[in-house]
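Asker: Each protein sequence line maps, in turn, to chains L and Z. Under my numbering, think of the first position of the first sequence as 1, with each following residue one higher. Under my numbering, think of the first position of the second sequence as 1001, with each following residue one higher. Virtual Cβ for every residue (Gly too), placed ideally from N, Cα, C.
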Amino acid sequence: MLRRFPFLLAVLILAAGCVPAAAPVQPMPGASPLQAPQPLQLTVVHSNDTWGYLEPCG
Amino acid sequence: MPALGGVARRATTINLERQRNSHILVLDAGDSLTGDQDPALKTQGQTSVDAMNRLGYDAMALGPTDLSLGLDVLRARMAEARFAMLSANAVVTGTTELVAKPYVVREMAGHRVAIVGLSGGDGTAAIGVLDPLVTALKIVPEARREADIVILLSHAGPAADQLIADGVPGIAAIVSGGAGGAMTTAWVSKTSGVPIYRADLAMTGHAGRAVGIGRLDFDASGQLKAQSWRAVSLSPDVADDRAMAEWVQEQTKQ
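This is how it looks when you write it as structure tokens:
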């Protein structure tokens, strides 16, 4: 049927070229895609005021 | 009294917690680059950064002794660090230019966790320290736009930290340092429920003698549902991490 209507065929070809097929989703700059949030048990190990000491002191 | 502290024992403690839970943050609340002893003094904090790199720290807040190293030395230490040195309120004197990043964001279990740094003290001729409470009121909402959980890493001191816990919405917990004494139990705000953890108080011969271990349970929406905390004294009962002990020996020989 399209052979009978070359103008319609041309329009369809041009339109197909304009539509990105299944374009990959790009993460926002500086952000990465996150998994769905889950309950989180977070451990925080912390120090303070160590003065850069490397060895134990009495 | 037995000798307490040391990075070899700290390494053992951190490694054990890493084995128990992969969702872990290792943080320092400041005044940890240099103090009154070599090799930290002689190297202007270079050995401290090296140790913290080896220990796998995620972030530290900048305290007064860290700021006293001056801008050039601080920038050199920041370039060497594989962890973030943070301060939302330390600025180049006479400007609004921050000396360090105000916060970093880590991703865990589908959450974005922001660690916000605050400095305390009066600053130096080259570095000014802005009011911690005023800064927290501005920076925490900003961090919350990028994260659903905010941990405040503060060297502002206990009075300021308690005001912040009571009056600044959006904080899950405060890890504290600076003058004010070590804590044996967490202080929890009656207003907001925000806990404050502080492991140690530096004094000659006792710096780095303890670490704190907090466990924070968040639901899927990022709400803190439960928390517990304990201070761990790094006594001789804690075995040395061998690799770290060997590294310490090399540093102290020099």
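Determine the burial state of Val1092(Z): buried for a count of at least 16 other Cβ atoms within 10 Å of its Cβ, exposed for fewer.
Answerer: exposed
Asker: Kindly give me the distance between the Cβ atoms of Val51(L) and Ala1207(Z), rounded to whole angstroms, as I take these residues to be in contact under 8 angstroms.
Answerer: Checking the sequence shown, residue 51(L) turns out to be Trp, not Val. Contact holds; Cβ gap of about 4 angstroms.
Asker: Where do the ends of the beta strand (DSSP E) carrying Ala1186(Z) lie?
Answerer: Here Ala1186(Z) belongs to no beta strand (DSSP E), and DSSP marks it neither H nor E.
Asker: Hey, would you say Arg1262(Z) sits closer than 9 angstroms to Leu1234(Z), going by beta carbons?
Answerer: Outside the modelled stretch of chain Z, which goes from 1001 to 1254, sits residue 1262(Z), for which no answer is possible.
Asker: Starting from Arg1018(Z), trace the alpha helix (DSSP H) both ways and give me its first and last residue.
Answerer: Val1007 to Arg1020
Asker: Below 6 angstroms CB to CB, which residues in the same chain sit around Pro1236(Z) once its five sequence neighbours on both sides are set aside?
Answerer: If we look at Pro1236(Z) and ignore the five residues flanking it on each side, its Cβ neighbours are Pro1002.
Asker: Could you work out which residues of chain L lie near Ile1139(Z), taking near to mean beta carbons separated by less than 8 angstroms?
Answerer: Result: empty, since nearest Cβ-Cβ is about 18 angstroms, beyond 8 angstroms.
Asker: Count the other CB atoms within 10 Å of the CB of Ser1022(Z); is the residue buried (16 or more) or exposed (fewer)?
Answerer: exposed
Asker: Please compile the residues from chain L whose C-beta is within a distance smaller than 7 angstroms of the C-beta of Asp1036(Z).
Answerer: Trp51
Asker: Name the chain L residues whose beta carbon is nearer than 9 angstroms to that of Gly1180(Z)?
Answerer: Within chain L, no residue comes near Gly1180(Z); the closest Cβ sits about 10 angstroms away, beyond 9 angstroms.
Asker: Inspect the CB distances between the stretch 35-42 of chain L and the stretch 1103-1123 of chain Z and report whether three or more fall short of 8 angstroms.
Answerer: yes
Asker: Can you tell me whether Thr1034(Z) is buried or exposed? The criterion is at least 16 other CB atoms within 10 Å of its CB, across all chains shown.
Answerer: So Thr1034(Z) counts as buried.
Asker: Find out if the Cβ-Cβ distance for the pair Leu1153(Z), Leu1027(Z) is shorter than 9 angstroms.
Answerer: Cβ atoms of Leu1153(Z) and Leu1027(Z): closer than 9 angstroms.
Asker: Are any of the Cβ atoms in chain L nearer than 9 angstroms to that of Leu1130(Z)?
Answerer: no
Asker: Count the other CB atoms, across all protein chains shown, that sit within 10 Å of the CB of Val1134(Z); report buried if there are 16 or more and exposed otherwise.
Answerer: exposed
Asker: I'd like to know if Met1108(Z) contacts chain L, where contact means its C-beta is closer than 9 angstroms to some C-beta of that chain.
Answerer: yes
Asker: At 4 residues or longer, and completely inside the stretch 1154-1241 of chain Z: list those alpha helix (DSSP H) runs for me, N to C.
Answerer: 1158-1167
Asker: Where Arg1020(Z) and Arg1010(Z) are concerned, what is the direct C-alpha to C-alpha distance, given to the nearest angstrom?
Answerer: 16 angstroms
Asker: Please confirm whether Gly1222(Z) has its beta-carbon closer than 9 angstroms to some beta-carbon of chain C.
Answerer: Judged by its chain identifiers, the structure shown contains no chain C, and its protein chains are L and Z.
Asker: Reducing DSSP to helix, strand and coil, say where Ala1090(Z) ends up.
Answerer: strand
Asker: So, does the stretch 1221-1231 of chain Z touch the stretch 1244-1254 of chain Z, judging by three or more C-beta pairs under 8 angstroms?
Answerer: no
Asker: To be precise: take each residue of the stretch 1187-1215 of chain Z, compare its Cβ to all Cβ atoms of chain L, and keep it if any distance is under 7 angstroms. Which residues remain?
Answerer: Tyr1197, Arg1198, Ala1199, Asp1200, Leu1201, Ala1202, Gly1205, His1206, Ala1207, Gly1208, Val1211, Gly1212, Ile1213, Gly1214 and Arg1215
Asker: Exposed or buried, which one is Ser1221(Z) when buried takes at least 16 other CB atoms within 10 Å?
Answerer: The Cβ neighbour count for Ser1221(Z), taken over all protein chains shown within 10 Å, is under 16; the residue is labelled exposed.
Asker: At a CB-CB cut-off below 7 angstroms, which residues of chain L make contact with Asn1021(Z)?
Answerer: Neighbours of Asn1021(Z) on chain L, chain order: Gln41 and Thr43.
Asker: For Ser40(L), tell me which candidate among Ile1127(Z), Gln1251(Z) and Asp1148(Z) has the shortest Cα-Cα distance.
Answerer: According to the sequence shown, residue 40(L) is Leu rather than Ser. Out of Ile1127(Z), Gln1251(Z) and Asp1148(Z), Asp1148(Z) has the C-alpha closest to the C-alpha of Leu40(L).
Asker: Can you give me the C-alpha to C-alpha distance between Ala1125(Z) and Gln1037(Z), rounded to a whole angstrom?
Answerer: 24 angstroms
Asker: Which of helix, strand or coil does DSSP assign to Met1085(Z)?
Answerer: Annotated three-state conformation of Met1085(Z) is strand, per DSSP.
Asker: Whose C-beta lies closer than 8 angstroms to the C-beta of Asp1131(Z) among residues of the same chain, with five residues either side of it excluded?
Answerer: Correct list, in chain order: Asn1089.
Asker: Taking just the CA atoms, how far does Glu1017(Z) sit from Pro42(L)?
Answerer: As written in the sequence, residue 42(L) is Leu, which differs from the Pro given in the question. Cα-Cα distance, rounded: 11 angstroms.
Asker: For Ser1233(Z), return the contacting residues in chain L, with the cut-off set at a CB-CB distance below 7 angstroms.
Answerer: Chain L residues near Ser1233(Z): none, gap ~11 angstroms exceeds 7 angstroms.
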